[in-house]
Amino acid sequence: MPRLGTGEDFVSVTSFDPFFVMPLFRTYRLVFCIAMISASAFGSNWDPVDQSEFSRSRSVVDEGEGAEFVFRTIDINQFLVGWRLETESRHHLLARIFNEDGVNKLKVFKHPIQHGMRIVKLEARTIKPDGNYIELDPDNVYETELVRSSRGKVKAMAFPVPALEVGDLVEVKFLIKGMRANFSYSLNQSIPSRSTTIDVRPLDSFTVPSNPPVSYASRVVGLNFGDGEAKQQKDGSVLFELINSKAMPDEDFRVPDIHSRPSVIVDYISSKTPNLTRYWKETGAGLYRESKRRSKGSRKLESKVKELLSGVKEERARLRLIYDFCVSDIRNTYSDFGYYTDTEKEKLRRNDNPSETLERGYGNPSDVSYLFIAMANAAGFEARLASVSDRRDLLFTRQFKYPFALKDEIVAVSLGGDWRFFDPSSPILPFGELNWWNADSSILLSDPKEEIFLRTSGLPAKESSTQRSGELSIDSSGKLRGRVVESSAGCEAQEFRNEFADLPEEEAKERIRSRTAAAISRAVVSNISIENLKTIEEPVVVSYDLEVPDFATVVGDRIIFQPVVFQKEREAIFQGEEERVADILFPYPRMKRDQFSFILPDGYELEELQRPESFSIDGVVDFSCELHGVEGAARLEFDRSYSLHRNLFKAKANTIFSMLFSKLNVEDRYAVTFRRSASAQHPRIGYRSSISPTKDLETASKKTPPLAS
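Residue numbering for the sequence shown follows the numbering used here, beginning at 479 and increasing consecutively.
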């Protein structure tokens, strides 16, 4: 039977990535499959439902809710296919709709599909009070995205629930499969549930036919199930149950779900797992031995290093040449910007050592990292492998003593007496920069004798910026036209390259149009240019022609407009949260800056503008906005800047953020008036007397518990 773990095994930390047991290159393109869908997916007939459900007029769990799950079952099974583990999860749910709010919550059913998994069977129906039902048309199932705070956008399957009305029941069954061993499952539910069960059936043990063979035994852990206890079943499965559980609000910018959501974790423990009292020391030693074995040099490699560094004396410059060679000259087979087809990748030979990676000119992320270590050591540096956590899945503590806690691999190099960190396995990262989810995190340095933990640093807000600029004209009808230039650096450039680097050119341009239209609903975007996408040392630059009809309001001889082009339709975040559960985690510190010149028609002069006040909370956030007219010209200069300097806060900080972003939204609503007049008076410049952001925020800080450190 699997060992039944406890919450103490995990010490209130967060989930791990369940999809890879190998070093992760940070962007994989999801292969999403719905292979499909028939009435025979779970059997040819639907079971009858309890007709008494139609007599209920309100939720059993929470009378104020518009819908609830009558039941929700998740059965998770694992079995061997060859020597690889396959995981399948069967989902079955029945929900009752009480009012229009419930209809709105369930009229489109969505479920995330994790990387490496696929939906193979699906059926759904809407059951009417008279006993008739309408089944889902398989052609109405489609792929979409969900925004999950800790991981950003995730792929999902979705479908419109057929003919859904108040008083109906909704029944859904689906089966998800994929090759994976370690995994986690966290419950997210927008409506309450009378009964939720998760039945997990891993293998007791299995052996990988390596040389020598390695045996693994399973372990199951449940977190955040309240007073409920896991139940070991006679058939070897482990049952978790929630009775009358309330809806779990989808809180903005929350820490990974394992902190606050009921979660089940399954992992497999090697018979060689280190003793817990010296776990990290033995793990670091094992990492050191593996790194030594896989980063052995050769005469050919040493000759290449000598050739590459000829005439270069300065240490940092020498190391940079090695890094640039590994990133630029060695083709990364996991992110090759479309260089190889899938068929060609299948035919590539496996590299057994750095010399083969060097000779063949390609390798997977691990191959590239070990080549970098080998070349750096050959050049006289001390380079070692290091393990680091992924903050999207896990806020690491040393008490979390499991291999997947530090699942990503980076390289540490001793430079000038200090350890510096690099990630040559990612071809989109400049020299000395880490993926944002590995930055500002603990790392375990491989070492033969000692337990050595170090900490990576993150980029400050000013170095992770998106800056927009342009000269924009507004004509007498209120239409805005001009060319916008967007420049992204640091983590903002990482995010852009992660999303766009492997896309075909036309698809990338279409995404730019869609992103702009999401911010400005009537925007027309054309003549799109993307620069420096693969030139990783430079900011990514996107430019396009922008046209927005009726951007300004024309009233008689006046033109009135709000100079915030991209924030005009934005809704404030952190609004309406009554009592937040999860701590707050923004991806990384960042800065957003807009600098625009607005050109009005000849004959117009600035009549009035409302100037917002700048405000800040020291070390947390800064906002400033400067605007002024140009004497003798129908022109307005606009400069708006917003910076977030920290990214992790206690849940109780949401009261400050709610007020902060609400005030930011108000400040962005100021208007500017130009008037057609040959003898216009000097413009009246005023401040919003009813708003004092700095004073209000200082007051709120005194009344509200301090932010987390």
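Here a beta-carbon is modelled for each residue, glycine too, at the ideal position from N, C-alpha and C. Note that the structure is predicted; figures quoted are calculated from it, not measured.
Three-way DSSP call (helix, strand, coil) for residue i in this model
i	result
residue 737	helix
residue 812	coil
residue 944	strand
residue 758	helix
residue 994	helix
residue 817	coil
residue 880	coil
residue 856	helix
residue 986	helix
residue 1032	strand
residue 577	coil
residue 748	strand
residue 710	strand
residue 783	helix
residue 834	helix
residue 722	strand
residue 1009	strand
residue 765	helix
residue 530	helix
residue 550	strand
residue 743	strand
residue 800	helix
residue 954	coil
residue 846	helix
residue 584	helix
residue 1039	strand
residue 975	helix
residue 906	coil
Bridge-paired residues (DSSP) for residue i
i	result
residue 1023	961 and 1004
residue 555	566 and 679
residue 949	961 and 1075
residue 590	634
residue 535	None, per the DSSP bridge assignment.
residue 841	810
residue 864	888 and 923
residue 545	575
residue 896	893
residue 1018	966
residue 933	920
residue 1070	944 and 1120
residue 1051	Answer is none; residue 1051 lacks a bridge partner.
C-alpha gap between residue i and residue j, whole angstroms
i	j	result
residue 681	residue 946	54 Å
residue 710	residue 698	10 Å
residue 1160	residue 1108	Because the pLDDT at residue 1160 is just 49, under 50, the model does not fix this residue reliably, and the point stays unresolved.
residue 890	residue 787	20 Å
residue 844	residue 824	17 Å
residue 1119	residue 1143	13 Å
residue 546	residue 591	23 Å
residue 820	residue 826	10 Å
residue 747	residue 696	6 Å
residue 982	residue 586	30 Å
residue 874	residue 909	25 Å
residue 597	residue 986	27 Å
residue 894	residue 797	12 Å
residue 956	residue 847	55 Å
residue 1050	residue 573	32 Å
residue 773	residue 852	5 Å
residue 1001	residue 1024	7 Å
residue 654	residue 952	53 Å
residue 1047	residue 593	33 Å
residue 620	residue 763	48 Å
residue 892	residue 881	25 Å
residue 533	residue 549	17 Å
residue 1126	residue 1038	40 Å
Assumed close pair residue i, residue j - CB separation to whole angstroms, cut-off 8 Å
i	j	result
residue 717	residue 708	7 Å
residue 808	residue 841	6 Å
residue 1092	residue 1103	7 Å
residue 563	residue 659	4 Å
residue 672	residue 702	Incorrect: roughly 19 Å between the Cβ atoms, too far for contact.
residue 1151	residue 1036	6 Å
residue 555	residue 679	5 Å
Worksheet entry | Residue ranges of each beta strand (DSSP E) within the stretch 1077-1159, 3 or longer | 1082-1089, 1093-1095, 1099-1107, 1113-1122 and 1150-1154
Worksheet entry | Ranges of the beta strand (DSSP E) found wholly within the stretch 597-639, counting only runs of at least 3 | 611-613, 620-626 and 630-638
Worksheet item: Whole beta strand (DSSP E) runs in the stretch 641-696 with 3 or more residues, listed along the chain?
Response: 647-657, 661-664, 671-679 and 683-686
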